[in-house]
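Visitor: Take any residue in the sequence shown, count from 1 to its spot, add 1: that is its number in my numbering.
Glycine included, C-beta positions come from ideal geometry on N, C-alpha and C.
A quick note: this is a predicted structure, and the numbers were derived from the prediction, not measured.
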Amino acid sequence: MLAVERENLALVRDGIGQAEPVTDSSEVRRWGITKGLFGDQLDAAALTLSSRDWVTAIEGLAGTAKTTTVGAIREFAENQGYTVRGFGTTSGSVKGLGEAGVDARTIASLLANLLPSRMPKELWIVDESSLLATRPTNQILKAAHAQGVEHLVFVGDQRQHYAIEAGAPVRQLLAAKMAVAELITIRRQRHPELKEAVRLAAEGQTKASLEALYQRDRITEIADRAKRYQRIAADYLVAHETGQRTLVVSSANDERQALNQNIRTLLIDHGHIESQGRNHTIFVQRDLTAAQRSYVRNYEPGDLLMFRRGSKRLGIGKGAYARIESIDGKANVFTLVAPDGRHIHLNPARWKGIEVYRREERTLAIGDRIQFRAPDKTLKVANGEFATILELDDKRATLRLDNNREIKAGLSHLRHIDYGYASTSHSAQGATVDRVIVHVDSIRSAQLVNQKQFYVSLSRARSDARLYTDDMEALGHAVGRRPEKSIALDAVKEQQAQQQTQKLSSPTIRRST
2 MLAVERENLA
12 LVRDGIGQAE
22 PVTDSSEVRR
32 WGITKGLFGD
42 QLDAAALTLS
52 SRDWVTAIEG
62 LAGTAKTTTV
72 GAIREFAENQ
82 GYTVRGFGTT
92 SGSVKGLGEA
102 GVDARTIASL
112 LANLLPSRMP
122 KELWIVDESS
132 LLATRPTNQI
142 LKAAHAQGVE
152 HLVFVGDQRQ
162 HYAIEAGAPV
172 RQLLAAKMAV
182 AELITIRRQR
192 HPELKEAVRL
202 AAEGQTKASL
212 EALYQRDRIT
222 EIADRAKRYQ
232 RIAADYLVAH
242 ETGQRTLVVS
252 SANDERQALN
262 QNIRTLLIDH
272 GHIESQGRNH
282 TIFVQRDLTA
292 AQRSYVRNYE
302 PGDLLMFRRG
312 SKRLGIGKGA
322 YARIESIDGK
332 ANVFTLVAPD
342 GRHIHLNPAR
352 WKGIEVYRRE
362 ERTLAIGDRI
372 QFRAPDKTLK
382 VANGEFATIL
392 ELDDKRATLR
402 LDNNREIKAG
412 LSHLRHIDYG
422 YASTSHSAQG
432 ATVDRVIVHV
442 DSIRSAQLVN
452 QKQFYVSLSR
462 ARSDARLYTD
472 DMEALGHAVG
482 RRPEKSIALD
492 AVKEQQAQQQ
502 TQKLSSPTIR
512 RST
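#1: State buried or exposed for G18, treating a residue as buried only when at least 16 other CB atoms are found within 10 Å of its CB.
#2: Quick one: which unbroken beta strand (DSSP E) runs of 3-plus residues sit fully inside the segment 317-385? Chain order, please.
#3: With C-beta atoms as the reference, is A47 less than 7 Å away from R188?
#4: Can you find a C-beta in chain D that's less than 7 Å from the C-beta of H346?
#5: Less than 6 Å between C-beta atoms, sequence neighbours within five positions excluded: which residues of the same chain meet that for F155?
#6: Roughly how many angstroms lie between the CA atoms of R30 and E256, to the nearest whole one?
#7: Kindly indicate which three-state DSSP category A198 falls into: helix, strand or coil?
#8: Buried or exposed for K96, please, with buried defined as at least 16 other CB atoms from any protein chain shown within 10 angstroms of its CB.
#9: By Cβ distance, which residues of its chain are closer than 6 Å to E166, with the 5 residues on each side in sequence left out?
#10: How big is the Cα-Cα spacing for A410 and T399?
#11: Should G316 go down as buried or exposed, given a rule of 16 or more other Cβ atoms within 10 Å for buried?
#12: Please list, in chain order, all residues of the same chain as R246 whose beta carbon is under 8 Å from its beta carbon, the five residues on each side excluded.
#13: So, helix, strand or coil for N139, using DSSP?
#14: Go through its chain and collect everything with a Cβ distance to S27's Cβ below 8 Å, but skip five positions before and after it.
#15: In three-state terms, what does DSSP make of E21?
#16: Excluding the 5 residues flanking R191 on each side, which residues of the same chain have their C-beta closer than 6 Å to its C-beta?
#17: Identify, in the order they occur along the chain, each residue of the same chain with its Cβ nearer than 8 Å to the Cβ of T364, setting aside the five sequence neighbours on each side.
#18: Take R461 and list the residues in its own chain whose beta-carbon comes closer than 7 Å to its own, dropping the five residues that flank it on each side.
#19: Could you pull out every unbroken beta strand (DSSP E) segment of at least 3 residues lying fully inside the segment 110-176, listed in chain order?
#20: So I418 and R374 are in contact, right, with Cβ under 8 Å, and what is the actual spacing, rounded?
#21: I believe I74 touches T90 by the beta-carbon criterion, under 8 Å. Please report the beta-carbon distance rounded to the nearest angstrom.
#22: My parser needs the beta strand (DSSP E) runs of 3 or more residues fully inside the segment 46-118; what are they?
#23: Exposed or buried, N451, counting other C-beta atoms within 10 Å across all chains shown (16 or more means buried)?
#24: What three-state label does DSSP hand F1 in the structure shown?
#25: Considering just the uninterrupted stretch of the beta strand (DSSP E) at M473, what are its terminal residues?
#26: To the nearest angstrom, report how far apart A147 and A213 are at their CA atoms.
#27: Distance, Cα to Cα, A498 vs T138?
#28: Cα separation between R370 and N261?
#29: Distance, Cα to Cα, E361 vs Q448?
#30: Would you list, in sequence order, the uninterrupted alpha helix (DSSP H) runs of no fewer than 4 residues that lie entirely inside the segment 207-284?
#31: Just checking my contact of V548 with R136 at CB under 8 Å: how many whole Å lie between their CB atoms?
#32: Just the C-alpha distance for T514 and K494, rounded to the nearest angstrom, thanks.
#33: Where does T68 land, buried or exposed, given buried means 16+ other C-beta within 10 angstroms?
#34: Which class does L184 belong to by DSSP, given the choice of helix, strand or coil?
#35: Tell me the DSSP secondary structure of S309 in three-state form.
#36: Let me confirm a value: K313 is counted as buried when at least 16 other C-beta atoms fall within 10 Å, else exposed. Which label applies?
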C-alpha cells in the first residue's frame with residue numbers, strides 16, 4: 002500500500018505544469034456568464050479548463066449543483082474539440098454524469114475491459130471521488146496516463162462517505178496540494194434554516210447544526226425503540242398524504258428493515274398500499290470484504306454466488322448464479338449447484354469477481370415503494386433508484402421511477418430490490434427528496450453513526466428534515482465522531498515520530514566498568 006500511495010502521488014506531481022490548457026480562464030468566464038453559471042461554478046470551470054496541471058479536482062458540498070457544473074465543463078471542452086469521458090464509482094454516479102451529457106461508464110467497467118479508443122484530445126471526469134479506494138485510483142491514473150489523456154478531473158465531496166476498501170486517495174492528493182476548485186453555495190435546500198443546518202454539518206459543526214434543528218423543533222427524543230419507530234412511521238404517513246416525497250435515513254440495515262416494515266404496515270392500514278400482495282423472493286447482498294470472501298467459513302449453505310465475469314472452465318456465464326450446497330472448512334472448498342444442476346467444487350481464495358447474496362422474502366403490492374439495490378442495465382436503472390409499483394400480477398410489474406419514467410419488468414427480473422421507505426445513508430448518498438427523516442440511535446458504533454452519516458443524511462432534503470433519537474444528550478457526541486480512514490504513508494510517519502519521541506525521552510543508562 003505504501004508503494005501504491007507513493008505512485009499515486011508521483012503520477013499527480015509529475016503532471017503539474019505539464020498539460021496544455023483547454024483555453025484561458027477569461028474565455029471560460031465570459032462563456033460561463035452567458036450560460037448563467039454562478040460565481041463558484043465559474044471558478045470551478047475556469048480552474049478545470051485553464052489549468053496546466055494534468056490532474057485537478059472539484060470539491061463540492063452536497064447540493065451545490067456539481068452535475069450542472071460538470072455539464073458546463075463538458076460542453077465547453079467539446080466545443081474545443083475534446084472528447085469528454087466520465088467514470089463513476091457507482092451506477093448512480095454514472096447516471097448523474099449521463100444527465101450532464103457525459104458519455105460515462107463505471108470505474109469497474111473501465112478497469113475490467115480494454116481502454117476506449119484513443120481520441121485526439123481527451124478529458125476524463127471521475128465522479129463521487131470520496132468513494133474511491135487507493136488501488137482503483139492508482140489503476141485510473143495509470144490507465145489515463147497510458148491513454149495519453151490530456152486532463153483528468155476528480156469530482157466529489159470528501160466530507161461524504163468513503164470507500165469500504167483501503168485508503169482515502171483523493172483526500173491524500175488534496176493534502177499534497179493537488180489543484181482544486183470548491184463549490185460552496187448550497188442550492189438544494191429551499192429554506193434558509195435548513196440550508197444553514199446542512200452547511201454547519203458539512204463543516205463538521207455538528208452541535209451547531211443540531212442546535213439549528215432543535216430551535217426549529219425538528220428533533221424528537223423517544224427512548225423506547227418500538228415507540229420511536231411508530232412515531233417515525235406516523236410522520237412518514239403525514240408527509241406522504243401531503244404529497245411530499247419522503248425518505249427515512251437510518252444508520253444500520255436492521256433499523257432500515259424494521260422501519261420499512263413499520264411504515265409499510267401503516268400505509269396499508271390507511272389504504273395507500275393494497276392489502277393483498279404477492280410473495281416475492283429477493284436477493285440481499287452479504288457485505289463481505291475481499292478478505293472474508295476468500296474463506297468458506299464466512300459463507301452459509303444456501304448462499305448465492307453471482308459470477309460477475311463468468312467462467313468458461315466452470316461452464317458458468319457472466320451474471321449467472323450458483324447456490325452453495327455444502328461447505329468443507331478444512332479444505333476451504335464449497336460445493337456449488339450451477340444453474341444447469343451440475344455440482345461444482347470451488348476454492349474462493351482462488352477466485353475473484355463473485356458477489357454473495359442470501360434469499361429473503363418480501364410481500365409486494367400495488368402502491369409499494371421500492372429501491373433498486375443493484376444496477377439493472379436492461380431496465381436502465383441505477384443502484385439506489387426508487388420506484389413505485391403501479392401494476393402487479395403473478396409475472397410482471399409496472400413501475401414508475403422518481404423521474405416519472407415508467408418501466409415494465411418480470412418479477413423474476415426484480416431480485417435486487419427492497420422496500421424503499423427507509424434507507425441507509427450509504428444507499429441514500431446521491432438521492433434528493435422533499436423531506437428526510439433521520440433516525441439516529443446513539444448506542445450505534447462510530448462506524449455507523451458519525452459526522453459523515455449525519456451530513457449525508459441531512460443533506461438529502463430539499464424542503465424539510467426531522468431527526469429522531471433515543472437520547473438527546475448522547476446525540477451530539479454520536480454524530481460528532483470522526484472516524485477517518487487510515488493512509489499508509491501517514492501511519493508510517495506517525496509511527497516513526499512516536500519512535501523518535503520515545504528514543505529522545507528514554508533515560509540514558511550508564512553501566513559501570
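Guide: Taking the structure as given:
#1: In the sequence shown, residue 18 corresponds to position 17, counting from 1. It counts as exposed.
#2: 322-329, 334-338, 344-347, 355-365 and 370-373
#3: Position 46 of the sequence shown, counting from 1, holds the residue named residue 47. Position 187 of the sequence shown, counting from 1, holds the residue named residue 188. No, these two residues do not count as a Cβ contact at 7 Å.
#4: In the structure shown, chain D cannot be found, because there is only a single protein chain.
#5: Locating residue 155 in the sequence shown gives position 154, counting from the first residue. Hits under 6 Å: A58, V127, S130 and V171.
#6: Walking along the sequence shown from the start, residue 30 turns up at place 29. Walking along the sequence shown from the start, residue 256 turns up at place 255. Straight-line Cα distance between these residues: approximately 48 Å.
#7: On the sequence shown, residue 198 is found 197 positions in, with the first residue counted as 1. Here A198 sits in helix by DSSP.
#8: Working through the sequence shown from its first residue, we reach residue 96 at position 95. It counts as buried.
#9: Mapped onto the sequence shown, residue 166 falls at position 165. Here the set comprises A134.
#10: Translated into positions along the sequence shown, residue 410 becomes position 409. Translated into positions along the sequence shown, residue 399 becomes position 398. Computed Cα separation, rounded: 7 Å.
#11: Here residue 316 is taken as the residue at index 315 of the sequence shown, counted from 1. The residue is exposed, with fewer than 16 neighbouring Cβ atoms inside 10 Å.
#12: The residue you call residue 246 lines up with position 245 of the sequence shown. Excluding residues within five positions, the ones whose Cβ falls inside 8 Å are D403, V434, D435 and R436.
#13: Along the sequence shown, one-based indexing puts residue 139 at 138. Helix.
#14: The count along the sequence shown starts at 1 and reaches residue 27 at position 26. Within the same chain, S27 has no close Cβ partners at all.
#15: For the purposes of this step, residue 21 is identified with residue 20 of the sequence shown, where counting begins at 1. The answer is coil: DSSP assigns E21 none of H, G, I, E or B.
#16: If you number the sequence shown from 1, residue 191 lands on position 190. For R191, where only same-chain residues beyond five positions count, the Cβ hits under 6 Å are R463 and S464.
#17: Here residue 364 corresponds to residue number 363 of the sequence shown, with the count starting at 1. Same-chain partners within the cutoff: G278, R279, N280 and H281.
#18: If you number the sequence shown from 1, residue 461 lands on position 460. So the qualifying residues of the chain are L248, V250, A429, A432, T433, V434 and V437.
#19: 123-128 and 152-157
#20: Mapped onto the sequence shown, residue 418 falls at position 417. Mapped onto the sequence shown, residue 374 falls at position 373. I418 to R374, Cβ: 6 Å. Contact.
#21: Position 73 of the sequence shown, counting from 1, holds the residue named residue 74. Position 89 of the sequence shown, counting from 1, holds the residue named residue 90. With 8 Å as the limit, I74 and T90 do not qualify as a contact, their Cβ atoms being about 19 Å apart.
#22: 56-61, 84-89 and 104-107
#23: Within the sequence shown, numbered from 1, the residue matching residue 451 stands at position 450. It counts as buried.
#24: No statement about residue 1 is possible, as the shown extent of the chain runs from 2 to 514 and does not include it.
#25: Walking along the sequence shown from the start, residue 473 turns up at place 472. Run containing M473: none in the beta strand (DSSP E); it sits in the alpha helix (DSSP H), M473 to G481.
#26: One-based indexing of the sequence shown puts residue 147 at position 146. One-based indexing of the sequence shown puts residue 213 at position 212. The straight-line gap from Cα to Cα measures roughly 50 Å.
#27: Translated into positions along the sequence shown, residue 498 becomes position 497. Translated into positions along the sequence shown, residue 138 becomes position 137. One C-alpha to the other measures close to 28 Å.
#28: As a working mapping, residue 370 is identified with position 369 in the sequence shown. As a working mapping, residue 261 is identified with position 260 in the sequence shown. Answer to the nearest angstrom: the Cα atoms are 10 Å apart.
#29: Translated into positions along the sequence shown, residue 361 becomes position 360. Translated into positions along the sequence shown, residue 448 becomes position 447. Rounded to whole angstroms, E361 to Q448 spans 26 Å at the Cα level.
#30: 207-216, 226-242 and 254-270
#31: Absent from the structure is residue 548, since the part of the chain shown begins at 2 and ends at 514.
#32: Mapped onto the sequence shown, residue 514 falls at position 513. Mapped onto the sequence shown, residue 494 falls at position 493. In this prediction, T514 scores a pLDDT of 48, lower than 50, which makes its location untrustworthy; no coordinate-derived value is stated.
#33: The residue given as residue 68 occupies position 67 in the sequence shown. Label assigned to T68: buried.
#34: Here the question's residue 184 lines up with position 183 in the sequence shown. The answer is strand: DSSP assigns L184 an E or B state.
#35: The residue labelled residue 309 in the question sits at position 308 within the sequence shown. The amino acid at residue 309 is misidentified as Ser; the sequence shows Arg. Note: R309 maps to coil in three-state DSSP.
#36: Taking the sequence shown and counting its residues from 1, one reaches residue 313 at position 312. Exposed is the call here.
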